[in-house]
Each structure stands twice: as C-alpha cells, then as structure tokens.
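Novice: In full-length UniProt numbering, the protein residues as written are 1 to 264. Heads up, the beta-carbon is just placed ideally off N, CA and C, and yes, glycines get one too.
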C-alpha cells in the first residue's frame with residue numbers, strides 16, 4: 001500500500017522550517033520529505049521527528065548553486081569532488097535520521113559545455129552514489145525536471161531517464177517521478193506510471209499548470225490516485241506543490257482521495 005507524505009520545503013512555508021513539522025502532524029501526516037534539510041542540525045530534526053512521531057522519507061543531495069540559478073554539481077565536469085562531499089553530507093543526514101531514499105539532482109548543462117561530457121559525468125557520479133548509498137542501505141534516486149522551469153536541465157523526460165538508467169546499470173537506482181514535471185513535458189501521467197513502475201522509487205505530485213495542489217488545474221488525480229492505491233507500488237507518494245493560497249487551506253485533495261488511507 002502506498003504511503004502518503006508532505007513536502008516541508010514547498011508546503012507550510014508561511015513559517016520557518018523548524019515549525020513545519022508540527023503543522024504536518026496537525027494535518028494528519030506521518031511521513032514528510034525535505035528537499036534540503038541542511039539548514040537545520042541533525043539534532044534539531046531528530047527532536048522534531050520524535051516529538052511529532054514523523055518519518056522523514058526523502059532528502060536531496062546538496063546541489064551546489066543549482067537552486068540559485070547555477071549549474072549544480074552531479075552532471076558538471078570539474079565538480080566531482082564537490083559532488084562527493086555533498087554526497088557524504090547527505091549520507092550523514094540520512095543515516096542519522098533513518099531516511100530510506102536520497103535524491104540526486106542532475107544539474108544543468110553549462111552554456112560553454114558539450115552535452116556528452118555532462119551526461120558522462122552524471123553517469124559516473126550516479127554510479128558512485130549508488131555504491132556509497134547502498135553501502136548504507138539507502139535507496140538512490142534521480143529526478144526528471146522539466147525544461148521550462150529549469151532550462152538545460154540534463155534529465156528532462158522519461159526517455160532520457162531510461163537512457164541514464166541503462167548507462168549507470170545499477171539495480172538499486174530508480175527514478176523519482178514528479179507528476180507535475182512530467183505533465184509539463186507532455187507525458188501522459190497515468191500511462192507513464194504504469195509503463196515505468198518497475199523503475200520508479202518515489203512519486204511526487206502537484207497539478208499542472210501552476211504547480212498548485214490537486215484539482216486546481218488539468219491533471220486527473222482521481223484516476224492516478226485510484227490506480228496507485230490498487231497497484232503493486234508500495235513506496236511514498238508525496239505532496240510537493242505550491243499552495244494556491246494558504247497551506248492550511250490546500251488539503252481538500254487529502255480528504256477527497258485519502259480519507260480512508262490509514263497509512264498516512
């Protein structure tokens with residue numbers, strides 16, 4: 001059975017990160033994810049998880065300057081040492097906080113760099129990540145991000161992700177499937193989920209366009225959630241959206257689609 005999570009990096013942003021654990025608990029969530037938890041100490045996060053009986057199910061490897069308009073780390077030739085250091089920090093947090101999965105953001109092709117060396121660098125860094133993460137019992141993931149929101153991102157669609165899986169050729173490596181990003185790339189979400197379920201390790205959702213909560217735009221989440229709950233998928237499905245108004249008023253979808261799901 002699927003496990004429902006809420007992303008504390010995009011939801012409940014009305015308050016500082018340290019205060020969002022309580023809000024997740026108050027809305028009935030047992031599982032949370034944080035894109036980059038490193039602004040908080042491990043001890044601070046541990047105390048919040050224990051206080052509110054929460055499970056941190058996903059974090060990202062630090063991505064360098066990617067979230068501030070830069071190129072990132074994982075697929076950038078010459079930044080291999082920085083990526084290795086970022087990976088070690090992610091493992092430190094994941095080990096201490098019992099995080100089952102860690103996501104690696106590929107980064108963007110620099111304007112002065114050819115694509116093939118970037119993809120080769122990404123493949124090599126993903127191989128390293130698979131080796132290091134699985135040594136600690138952690139699931140390695142990598143994510144497709146649409147090229148409108150993040151131009152020149154190295155892995156934008158499912159076909160490119162499939163090619164990278166073949167290049168890395170490690171049985172532990174899985175896709176992190178973000179429904180919003182795939183809808184932005186023109187993918188049929190339900191068909192894509194069905195066809196790639198064996199290679200998907202984590203699912204995130206927001207509506208499209210707008211990246212707000214479900215039922216605010218065009219994605220048919222009724223069909224998607226119904227199928228997921230009946231499928232063999234046992235991983236997490238995580239709300240990662242920008243609330244259309246206030247976070248506390250954005251959970252009508254939860255009551256509609258998950259009111260009988262006792263796993264969240």
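Using a 10 Å radius around the Cβ and a threshold of 16 neighbouring Cβ atoms, would you call residue 111 buried or exposed?
Specialist: Residue 111 comes out exposed.
Novice: Whole angstroms are fine: how far does the CA of residue 33 sit from the CA of residue 16?
Specialist: C-alpha separation (whole angstroms): 15 Å.
Novice: With H, G and I counted as helix, E and B as strand and the rest as coil, what does DSSP make of residue 45?
Specialist: If DSSP states are grouped into helix, strand and coil, residue 45 belongs with the helices.
Novice: Less than 8 Å between the CB atoms is what I'm expecting for residue 204 and residue 174, so what's the real figure, rounded?
Specialist: No, residue 204 and residue 174 are not in contact; Cβ-Cβ is about 13 Å, not under 8 Å.
Novice: For residue 31, does the three-state DSSP call read helix, strand or coil?
Specialist: It is a strand residue.
Novice: Look at residue 108 and residue 152 and say whether their C-beta atoms are less than 8 Å apart.
Specialist: In contact: residue 108 and residue 152 (Cβ atoms closer than 8 Å).
Novice: Is the distance from the Cβ of residue 147 to the Cβ of residue 160 below 8 Å?
Specialist: The answer is no: Cβ separation not under 8 Å.
Novice: Can residue 106 and residue 59 be called in contact, C-beta distance under 8 Å?
Specialist: No. Outside cutoff.
Novice: Contact check, residue 5 vs residue 21 under 8 Å by CB: the rounded distance?
Specialist: Rounded, the Cβ-Cβ distance is 13 Å, inconsistent with contact.
Novice: Expressed to the nearest angstrom, what Euclidean distance is found between the alpha-carbon atoms of residue 81 and residue 75?
Specialist: About 12 Å.
Novice: Tell me where the beta strand (DSSP E) around residue 143 begins and ends.
Specialist: It spans 139-143 - the beta strand (DSSP E) in which residue 143 sits, taken as one unbroken run.
Novice: Which value, in whole angstroms, describes the spacing of the CA atoms of residue 220 and residue 100?
Specialist: The straight-line gap from Cα to Cα measures roughly 29 Å.
Novice: Would you identify the three-state DSSP class for residue 101, choosing helix, strand or coil?
Specialist: Strand.
Novice: Taking 8 Å as the threshold (C-beta atoms), are residue 10 and residue 240 in contact?
Specialist: Closer than 8 Å, so yes.
Novice: Taking the C-alpha atoms as reference points, what is the distance between residue 202 and residue 176?
Specialist: One C-alpha to the other measures close to 5 Å.
Novice: Give the DSSP-derived three-state secondary structure of residue 258 in the structure shown.
Specialist: In this structure, residue 258 counts as helix in the three-state DSSP scheme.
Novice: Measuring straight from C-alpha to C-alpha, what distance separates residue 44 and residue 8?
Specialist: Taking the straight line joining both Cα atoms gives about 15 Å.
Novice: Is residue 236 helix, strand or coil when you go by DSSP?
Specialist: Residue state, collapsed to three classes: strand.
Novice: Run through the segment 116-165 for me and flag every whole alpha helix (DSSP H) of 4 or more residues, listed as ranges in chain order.
Specialist: None, since the segment 116-165 contains no complete alpha helix (DSSP H) of that length.
Novice: Would residue 95 be called buried (16 or more neighbouring beta carbons within 10 Å of its own) or exposed?
Specialist: Exposed is the call here.
Novice: Hey, quick one: how far does the alpha helix (DSSP H) through residue 25 stretch, first residue to last?
Specialist: 20-26 is the span of the alpha helix (DSSP H), which, as asked, contains residue 25.
Novice: Hey, residue 154 and residue 133 are a contact pair by Cβ (cut 8 Å); roughly how many whole angstroms apart?
Specialist: Not quite, the Cβ-Cβ distance comes to about 19 Å (not below 8 Å), so this is no contact.
Novice: Just mark residue 248 as buried or exposed, buried being the case when its beta carbon has 16 or more other beta carbons within 10 Å.
Specialist: Its Cβ having fewer than 16 others within 10 Å, residue 248 is exposed.
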